[in-house]
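Reading through the structure tokens given below for one structure.
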Amino acid sequence: MPKIGRKVKIFSALEVANICGVVNQTAINWIKNGYLKAFTTPGGQYRIYAKDLAAFLDTRGMVDSGNVLQGLLERSNWGSMLIAADEETNNRLRDELGAMLPDFSITQAMDGFDLGLRLAGEKPGFILLDQSLSGVSHEKILQLLKSDPVYGKPYIFIIGDSGLSDLADRVFPKPPDSQSIFTAIKDLEKQAEATA
Numbered sequence: 034m035p036k037i038g039r040k041v042k043i044f045s046a047l048e049v050a051n052i053c054g055v056v057n058q059t060a061i062n063w064i065k066n067g068y069l070k071a072f073t074t075p076g077g078q079y080r081i082y083a084k085d086l087a088a089f090l091d092t093r094g095m096v097d098s099g100n101v102l103q104g105l106l107e108r109s110n111w112g113s114m115l116i117a118a119d120e121e122t123n124n125r126l127r128d129e130l131g132a133m134l135p136d137f138s139i140t141q142a143m144d145g146f147d148l149g150l151r152l153a154g155e156k157p158g159f160i161l162l163d164q165s166l167s168g169v170s171h172e173k174i175l176q177l178l179k180s181d182p183v184y185g186k187p188y189i190f191i192i193g194d195s196g197l198s199d200l201a202d203r204v205f206p207k208p209p210d211s212q213s214i215f216t217a218i219k220d221l222e223k224q225a226e227a228t229a
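Under our numbering, the letters of the sequence shown match residues 34 to 229, in that order.
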């Protein structure tokens, strides 16, 4: 499964040119003339955030903007995991899974507010959601994560009651066993690679 190294999708001017079907210099001219918002790297190269590219495509009425945006939005960071649980469970899982998955970026959410912030900004490929986490409508959040492409279609693991098993990819009893979670992640990675 591909691992995306950054949490926010950023494009070069050449990538934007390829998406839009123009030459590189045209994309650079759009940036220089203020049509396409961009920033420069320390080396002087232009970089464009996905949201700025989306705004540009929308204002220009480019025919394929919907398809381009859909493709951009559906990408999760498969090298990342979000653990949303109480502090004790969260820290234990972070340490144990971090040792088993050293290449993964693991972030934590201790309540519903934290969860919302992390989901919006990071698009983790794997989410461990404790059903006892406060401030969360679990059924609503699961439906949203599975239906809205902006979250990148992550794999969702529920910790606790299996009442939401039809919306989750896996359900683990409390207290969750790190080895079982690790095995589930590896199984899902193999399935994704087989279908890619």
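From the three backbone atoms N, C-alpha and C, an ideal C-beta is built for every residue, glycine too.
- Here LEU69 carries a coil assignment [DSSP, helix/strand/coil].
- Apart from sequence neighbours up to five positions away, the residues of its chain that approach GLY193 with a beta-carbon distance below 7 Å are ASP163, GLN164, SER165, LYS207, ordered along the chain.
- Under the Cβ criterion (8 Å, minimum of three pairs), the region 121 to 140 does not count as touching the region 167 to 186.
- Taken in chain order, the complete beta strand (DSSP E) segments of 3 residues or longer contained in the region 149 to 180 are 157 to 163.
- From the listed residues GLU172, GLN176, ILE116, the smallest Cα separation to ARG151 is found for ILE116.
- In the same chain as LYS173, and ignoring 5 residues on each side of it, no C-beta atom comes closer than 8 Å to its own.
- Beyond the five residues adjoining it in sequence on each side, THR74 comes within less than 8 Å, by CB distance, of ARG80 in the same chain, given in chain order.
- Rounded to the nearest whole angstrom, the CA to CA distance from ALA142 to LYS156 is 13 Å.
- When rounded, the separation of the alpha-carbon atoms in ASN51 and GLY76 is 22 Å.
- DSSP lists no bridge partner for ARG127.
- Taken atom to atom, the span from the alpha-carbon of ILE189 to that of ILE43 is near 25 Å.
- With a contact defined as Cβ atoms closer than 8 Å, ASP202 and LEU221 qualify at about 7 Å.
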